[in-house]
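Colleague: Quick one: the structure is below, questions incoming.
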Amino acid sequence: MIYDIKEFLKNFFTSRLFVLGVVVSLLFAVIIGRVFTLQIINGESYQDHFILKIQKDITIEAARGNIYDCNGNLLAYNELAYTLVVADNQTYNSTKEKNLALNAELAEVIQMLLDNHEEIYNTFGISYNATNNTYSYNVSGTSLKNFLVNVFGEKSYDDLTYNETFGFNEATATPEQVMDYLMHDKYHFGINQEPTEANPDPVQYSDEVAYYLVVLRYALLENRYTRYVTSVVAKDISDKTVAYMNEHSDSLEGFYIEENTIRKYNYSEYFSNIIGYTGTISEEEYEQLSKKDSSYTISDTIGRSGIEQYYESYLRGTNGEQSVYVDNVGRINKVISEKDAIAGSDIYLSIDAKLQKATYKLLEQELAGIIYANIRSGDIPITDVYFSLIDNSILDISHFSSKKASDTEKQIQSAFASRQKQVLASLKNEFFSDSPTINNKMDDEMLDDITYIVKMLKNNKVLLTSEIDSADETYKQWSAGNLSPAEYFKYCISNQWVDITKLSVKEEYADTSEVYTALVDYIIKEIGSNTGFAKITYNYMVHSGTVSGRDLCIVLYDQGVLDYDENYASGLNSGSISPYDFLLDMIDHLELTPAQLALDPCTASCVITDTKTGSIKALVSYPGYDNNKMANGVDAKYYERLQSDKSNPLYNYATQEKTACGSTFKMITATASLAEGMIDTDTRVQCTGVFDAIDNHPRCWIYPAGTHGNLNVSEALRDSCNIFFYTCGYNLATKDYNTYDDASGIKYLQKYAKIYGLNDKTGIEIQENKPEIATEYPVMAAIGQSNNNYTTVSLSRYVTALVSGNLYDYQLMNKIVDTNGKVLKQYEPKSTNIKDTLKDEQWDSIYTGMRMVVEDTNIFNGLSVNVAGKTGTAQQVKTRPNHALFVGYAPYENPEITIAVRISYGYTSHNAEGAAAHILSYYFKDEKLNEILSKNASGVNAFTATENFTD
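Here the sequence shown stands for residues 7 to 957, where the numbers follow this note's numbering.
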């Protein structure tokens, strides 16, 4: 027995198994010892070093340069602000757990922000109207395609297909379909949770909170591959919001308060169309700018329009960089290295801020005066004024049906609901009638409804305009009004001009009648909640008296459009103040502005230029907008309001609007005729009232009330005699061949228009449209008609060249100064000398004529300086008033400035003269701004349609 044990042990200890066991045991002991050392003895040290191994590079955005006026008044600057950001850096066991926890956190913060009246940062491609609970895309074209690609997680737009699960085509998804897709519990953010047996009472969020949950979840989703990158929740938050976040920091994980700067603008309304605004760089902008400058990052703030955009490279400065170690949730533990940012340079403009503001205010008052006078004369019906309160969304008609609606609003809504029901029923009857009505036989309201519906179907891409054959005989019948909507829509369906994927119909089984029924259902549903369509109904209700002007005026106070005034409010309610008198008073005191009413005229522009240097002292486009609401993240509601505003504040009427210039062109015709020897300063032409040398027999503006008699060029300018300048145009057309030749006449007019710079842009740094010199009909072109089209700034450049003898290259920048005070660029006048175009006595004959224009009216009486100028009245469409223009200069003896004024649809050039007179009175210190404005709109002495004439 003992022997056996010894033998076993001997064999065991001499076997390979023993050796292997010893080796394994030793290795295991070493491992245990090492693990003990790593985890217990040096664990804390190694953990610290492990955390420090996560290195991150942070871009330090450079402070943007300031923008000043010519006198050093601050126009654009940076202000320290707090930004609330969030990072999705928590760990969850499942998607369901993440949705429940993250949504709850975000919803708490969203509700707090809404309660504190903060603006939630929103770059999401869909807007939400909280009043009527509707969605709409706020992007279009390529941006919309990219948005849909990102939403559905595809590589390209071509990869978007029909979504079987949700039952729609991803490429043509409506905003509502996208929202349903993103909110879905099973597939995405889990915001719309369906009750289940396990969870019969799921969390329900309000529609507004649910929308912003999608906005923030989508922003986090875009940063899903960059864990330490935060998403902005709200910028420029209040101290109250900062305090809340600090108090709840333990429960609201992932939220941080960052200090940064936001862009601010002074004189915003007056300068917005010049300065523009900044915004976060888009993907397209990043790709474009980073090719030229690799220092751009995808989170940079850049200039989006105006001076901010043009001088981006100077204003942006040079970003700094910080290398840091962060922990596993992105907190900075140590700064490794740091490179300071270099602030951008400052831009000084040639514009005088006080003159800019005064010019804007005086244009606005002139417009109000014209509207006021035309209401009193009856040329603007008071019912049009009533409807403008709805038409341009001064009143929010969606609020009429809200829970907070006033009694008057509810009364209006009740009347509207009744009328809308009738309208929808009438349309449905028409669509399914056995004998449908052709368009030419419809009443006005029904025709307006159908016109809107067709436009809506095209905009929604239900009617495929690219597929419609305009040469098709049936389509021609429709265009001529000889076909009913029912017949047309059915024909469109049969010819595959309708995208049936937008309709509630299974395309593989549908016939024409089924698709048509689905189309009608789509139309009725869409127009039933469509604001634009509702306004058509309101238009007819207001003009018929079904909705009264008194009720609409009362709602101006109910909705807070006007500050409450007990005397007016009680007077309206009692009937002692009529809505007619009330609105006249509001217009007179500019409580309701021309831009708000959007009646003709509601837009104007003016450019004032230094004749000695060519620098622009004022460039005004009315109306303007608040660019503070466009910078630092666009205020979506405000932007949507601007886009739908019928006065179009985003459009620069000084540099973009082109119209016929009317008789302001006559100095060019005079120049051409004098230079080419067609006339001299003593040549006289007899005004007979009708010009018989061409077939259309154009008339002088004064005919048949009279004629101008025998005139020389100066007198012809004074009287703006069309016959004189028709003759000039005709003579230029006969110069080359001794017989009338259209092309020859145009050639000479173009030659001298080019000398005045009217063939090209002025050189100004902001968006500008190129002017158009007439290309046909020299006789008509000679008086500024034909297809002459010019911007106000191009007319300014022309009259400045006429007066100074120098065709200046316009520029808004006066100088650029870096952070050390070094001038990097300084404006230096660049011009082409045109003085040799005419002899001195010929120039003088034109100047004399322009002086006589002003002397022939009392509009400029009382000014301390003599003024010279030329009026112009130009018709664009017969259904609207004429455009009113004036170009001039002062003092006449030694010109200091030129002025160009255009009032779009301003009735008569005398109204443009009136605006110019007030602006010049302010400029030359004859009257203070407040003195002129104290006269109110009724003191403008505006001219009406009844007093209109074409010069």
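Ideal Cβ placement from N, Cα and C applies to all residues, glycine included.
Going straight from the alpha carbon of residue 58 to that of residue 149, what length do you get?
Modeller: Within the sequence shown, numbered from 1, the residue matching residue 58 stands at position 52. Within the sequence shown, numbered from 1, the residue matching residue 149 stands at position 143. For residue 58, the predicted model reports a pLDDT of 48, less than 50, meaning its position is unreliable and no value from the coordinates is stated.
Colleague: Does the beta-carbon of residue 672 have 16 or more other beta-carbons within 10 angstroms, so that it is buried, or is it exposed?
Modeller: Sequence index remark: in the sequence shown, residue 672 carries index 666 (1-based). The residue in question, residue 672, is buried, as its Cβ has 16 or more Cβ neighbours within 10 Å.
Colleague: Is the separation between the beta-carbon of residue 539 and that of residue 533 shorter than 8 Å?
Modeller: Locating residue 539 in the sequence shown gives position 533, counting from the first residue. Locating residue 533 in the sequence shown gives position 527, counting from the first residue. Cβ atoms of residue 539 and residue 533: closer than 8 Å.
Colleague: Could you spell out the range, first to last residue, of the alpha helix (DSSP H) harbouring residue 347?
Modeller: Numbered from its first residue, the sequence shown carries residue 347 at position 341. Looking at the DSSP string, residue 347 is not in any alpha helix (DSSP H), and its letter there is neither H nor E.
Colleague: Mind checking residue 297: buried by the 16 CB within 10 Å criterion, or exposed?
Modeller: On the sequence shown, residue 297 is found 291 positions in, with the first residue counted as 1. With fewer than 16 other Cβ atoms within 10 Å, it is exposed.
Colleague: Under a Cβ-count criterion, where at least 16 other Cβ atoms within 10 Å of its own Cβ denotes burial, should residue 372 be classed as buried or exposed?
Modeller: As a first step, residue 372 must be located in the sequence shown, where it is residue number 366. When all chains shown are included, residue 372 counts as buried.
Colleague: Do residue 818 and residue 763 have their beta-carbon atoms positioned less than 8 Å apart in this structure?
Modeller: Your numbering for residue 763 matches position 757 in the sequence shown. Your numbering for residue 818 matches position 812 in the sequence shown. In this structure, residue 818 does not lie closer than 8 Å to residue 763 by Cβ.
Colleague: Rounded to the nearest angstrom, what separates residue 760 and residue 369 at their Cα positions?
Modeller: In the sequence shown, the residue the question calls residue 760 occupies position 754. In the sequence shown, the residue the question calls residue 369 occupies position 363. Going from the Cα of residue 760 to the Cα of residue 369 covers about 30 Å.
Colleague: Do the region 915–934 and the region 628–640 meet, that is, are 3 or more Cβ pairs less than 8 Å apart?
Modeller: No: the two stretches stay apart, fewer than three of their Cβ pairs being nearer than 8 Å.
Colleague: Would you list the residues sitting across from residue 627 in a DSSP beta bridge?
Modeller: Translated into the one-based positions of the sequence shown, residue 627 becomes position 621. Bridge partners of residue 627: 611.
Colleague: What did DSSP end up calling residue 892 once you bin it into helix, strand or coil?
Modeller: In the sequence shown, the residue the question calls residue 892 occupies position 886. DSSP places residue 892 in strand when its eight states are reduced to three.
Colleague: Under 8 Å Cβ to Cβ from residue 366, same chain only, skipping five residues before and after it: list those, please.
Modeller: Here residue 366 refers to the residue found at position 360 of the sequence shown. Result list for residue 366: 275, 276, 626, 628 and 630, in chain order.
Colleague: By alpha-carbon positions, which one of 560, 593, 597 and 590 ends up nearest to residue 581?
Modeller: Locating residue 581 in the sequence shown gives position 575, counting from the first residue. When only C-alpha atoms are compared, the closest one is 560.
Colleague: Using only alpha-carbon positions, find the residue among 252, 317 and 564 that is nearest to residue 830.
Modeller: To locate residue 830, count along the sequence shown from 1; it is residue 824. Here the closest residue by C-alpha is 317.
Colleague: For residue 458, which residues from the same chain have a beta carbon less than 7 Å from its beta carbon, with the 5 sequence-adjacent residues on both sides left out?
Modeller: As a first step, residue 458 is located in the sequence shown; it is residue number 452 there, counting from the start. Excluding sequence neighbours, residue 458 sits near 538, 539 and 542.
Colleague: Looking only at C-alpha atoms, which of 612, 428 and 411 sits nearest to residue 566?
Modeller: Here residue 566 is taken as the residue at index 560 of the sequence shown, counted from 1. Selected option, being the one with the closest Cα: 411.
Colleague: Apart from the five residues just before and just after residue 921, which ones in its own chain have a Cβ nearer than 8 Å to its Cβ?
Modeller: As a first step, residue 921 must be located in the sequence shown, where it is residue number 915. Cβ neighbours of residue 921 beyond the five flanking positions: 368, 369, 372, 610, 612, 892, 907 and 909.
Colleague: Quick one, which of 754, 901, 787 and 794 has its alpha-carbon nearest residue 808's?
Modeller: Taking the sequence shown and counting its residues from 1, the one referred to as residue 808 is at position 802. Among 754, 901, 787 and 794, the Cα nearest to that of residue 808 is on 901.
Colleague: The alpha helix (DSSP H) with residue 128 in it runs from where to where?
Modeller: As a first step, residue 128 is located in the sequence shown; it is residue number 122 there, counting from the start. Careful: residue 128 lies outside any alpha helix (DSSP H) and carries neither H nor E.
Colleague: Contact defined as beta carbons within less than 8 Å: I believe residue 687 pairs with residue 851. What is the distance between those atoms, to the nearest angstrom?
Modeller: Numbered from 1 along the sequence shown, position 681 holds the residue referred to as residue 687. Numbered from 1 along the sequence shown, position 845 holds the residue referred to as residue 851. Contact holds; Cβ gap of about 4 Å.
Colleague: Which of the three DSSP states, helix, strand or coil, is assigned to residue 161?
Modeller: Here residue 161 corresponds to residue number 155 of the sequence shown, with the count starting at 1. Looking at residue 161 - three-state DSSP - the assignment turns out to be coil, as it is neither helix nor strand.
Colleague: If you follow the beta strand (DSSP E) that residue 876 is in, where does it begin and where does it stop?
Modeller: Taking the sequence shown and counting its residues from 1, the one referred to as residue 876 is at position 870. Segment 874–880, the beta strand (DSSP E) holding residue 876.
Colleague: Pull up the CB-CB distance for residue 593 and residue 378, whole angstroms please, since I reckon it's below 8 Å.
Modeller: Counting from one through the sequence shown, the residue named residue 593 turns up at place 587. Counting from one through the sequence shown, the residue named residue 378 turns up at place 372. Indeed they touch by this definition, with Cβ atoms about 5 Å apart.
Colleague: Let's test the definition: count the other Cβ atoms within 10 Å of the Cβ of residue 440 and tell me whether it reaches 16, buried, or not, exposed.
Modeller: Within the sequence shown, numbered from 1, the residue matching residue 440 stands at position 434. Exposed is the call here.
Colleague: For residue 851, which three-state DSSP category applies?
Modeller: The residue you call residue 851 lines up with position 845 of the sequence shown. Here residue 851 sits in helix by DSSP.
Colleague: Is the region 693–700 touching the region 637–645 in the sense that three or more CB pairs, one from each, lie closer than 8 Å?
Modeller: Judged by Cβ distances under 8 Å, the region 637–645 makes no contact with the region 693–700, as fewer than three pairs qualify.
Colleague: Bridge partners of residue 6, per DSSP?
Modeller: The chain is shown from 7 up to 957; residue 6 falls before or after that span and cannot be answered.
Colleague: Which class does residue 667 belong to by DSSP, given the choice of helix, strand or coil?
Modeller: On the sequence shown, residue 667 is found 661 positions in, with the first residue counted as 1. Residue state, collapsed to three classes: coil.
Colleague: Output the boundary residues of the alpha helix (DSSP H) element that contains residue 819.
Modeller: On the sequence shown, residue 819 is found 813 positions in, with the first residue counted as 1. Run containing residue 819: none in the alpha helix (DSSP H); it sits in the beta strand (DSSP E), 819–823.
Colleague: Assuming residue 308 and residue 287 make a contact with CB atoms under 8 Å, what is their CB distance in whole Å?
Modeller: As a first step, residue 308 must be located in the sequence shown, where it is residue number 302. As a first step, residue 287 must be located in the sequence shown, where it is residue number 281. Right, their Cβ atoms sit about 5 Å apart.
Colleague: Once you ignore the five residues that flank residue 451 on each side, which residues in its own chain have a CB closer than 7 Å to its CB?
Modeller: Along the sequence shown, one-based indexing puts residue 451 at 445. The residues are 546.
Colleague: By Cβ distance below 7 Å, which residues in the same chain neighbour residue 727 in space, the five residues on each side in sequence not counted?
Modeller: Numbered from its first residue, the sequence shown carries residue 727 at position 721. Excluding residues within five positions, the ones whose Cβ falls inside 7 Å are 693, 706, 714 and 717.
Colleague: Using DSSP's beta-bridge definition, name the partner residues of residue 270.
Modeller: For this step, residue 270 is matched to residue 264 along the sequence shown. In the DSSP output, where bridge partners are listed per residue, residue 270 has 83.
Colleague: For the alpha helix (DSSP H) containing residue 736, list its first residue and its last residue.
Modeller: As a working mapping, residue 736 is identified with position 730 in the sequence shown. Start and end: 728–740.
Colleague: Would a C-beta distance cut-off of 8 Å place residue 660 and residue 361 closer than the cut-off?
Modeller: The residue given as residue 660 occupies position 654 in the sequence shown. The residue given as residue 361 occupies position 355 in the sequence shown. Contact: no.
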